[in-house]
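Residue 1 is where the sequence shown starts when you use our numbering, and the numbers rise one by one after that.
Where a beta carbon is used, it is the ideal one built from N, C-alpha and C, also for glycine.
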Amino acid sequence: MAHFAKVDDENTVTEVHCLHNDVLSFNGVELEQQGIAFLEKLHGGGTWVQTSYNTNGGVHRTGGEPFRKNYAGKGYQWREDLDGFVPPRPYDSWHLETEACQWQPPVPMPEDAGADKRYEWDEETLSWVEIAMANE
1 MAHFAKVDDE NTVTEVHCLH NDVLSFNGVE LEQQGIAFLE KLHGGGTWVQ
51 TSYNTNGGVH RTGGEPFRKN YAGKGYQWRE DLDGFVPPRP YDSWHLETEA
101 CQWQPPVPMP EDAGADKRYE WDEETLSWVE IAMANE
């Protein structure tokens, strides 16, 4: 299946559609423009950009070629200059790491974070705060 994000005039993703790969085929080759033309005809226009369900943070989860940095979701930004989709900024203090199009905190998460120890970001103190784990 192929996925396409519809973006508005500010390049914000407003919706994502799934198309069968046959729609993209032209003489046996899959072409993004074929999917765009299909969606424009179906929806009466709009700006469409292909996205990859298997790509997150610039890594393809099955080892394939990453495509457009992140799978687009509603509210993501399409950054043509980065050829990628950027998720919404979680906190004002975080900065965009452009190689993977992911937001990074100003202070790295503690290295002991894991199954037994969890942290959440505190924007007021610009630090990680340990979350009490529920007893099971």
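Can you grab the Cα-Cα spacing for the pair residue i / residue j, in whole Å?
i, j, result
"Phe38", "Val29", "16 Å"
"Pro105", "Asp9", "29 Å"
"Thr12", "Asn27", "33 Å"
"Trp94", "Trp103", "6 Å"
"Trp128", "Cys101", "22 Å"
"Glu80", "Pro88", "16 Å"
"Ile131", "Ala113", "10 Å"
Roughly how far, in whole angstroms, is the beta-carbon of residue i from the beta-carbon of residue j, given that I think they are within contact range, below 8 Å?
i, j, result
"Gln50", "Phe4", "5 Å"
"Leu24", "Gly35", "5 Å"
Given that a residue counts as buried once 16 or more other Cβ atoms are within 10 Å of its Cβ, and exposed if not, what is residue i?
i, result
"Gln33", "exposed"
"Val143", "This structure cannot speak to residue 143, because the chain is shown only from 1 to 136."
"Pro90", "exposed"
"Phe67", "buried"
"Thr55", "buried"
"Gly45", "exposed"
"Glu136", "Because the pLDDT at Glu136 is just 47, under 50, the model does not fix this residue reliably, and the value given afterwards should be weighed accordingly. Classification of Glu136: exposed, given that the 10 Å Cβ count is below 16."
When you compare the CB positions of residue i and residue j, do they come within less than 8 Å of one another, or not?
i, j, result
"Tyr119", "Pro110", "yes"
"Gly58", "Val16", "no"
"Glu123", "Asp92", "yes"
"Tyr76", "Ser52", "no"
"Thr62", "Leu82", "no"
Look up residue i in the DSSP assignment and give the residues it is bridged to.
i, result
"Tyr71", "According to DSSP, which records beta bridges pairwise, Tyr71 is partnered with nothing at all."
"Cys18", "His3"
"Ile131", "Arg118"
"Thr51", "His3"
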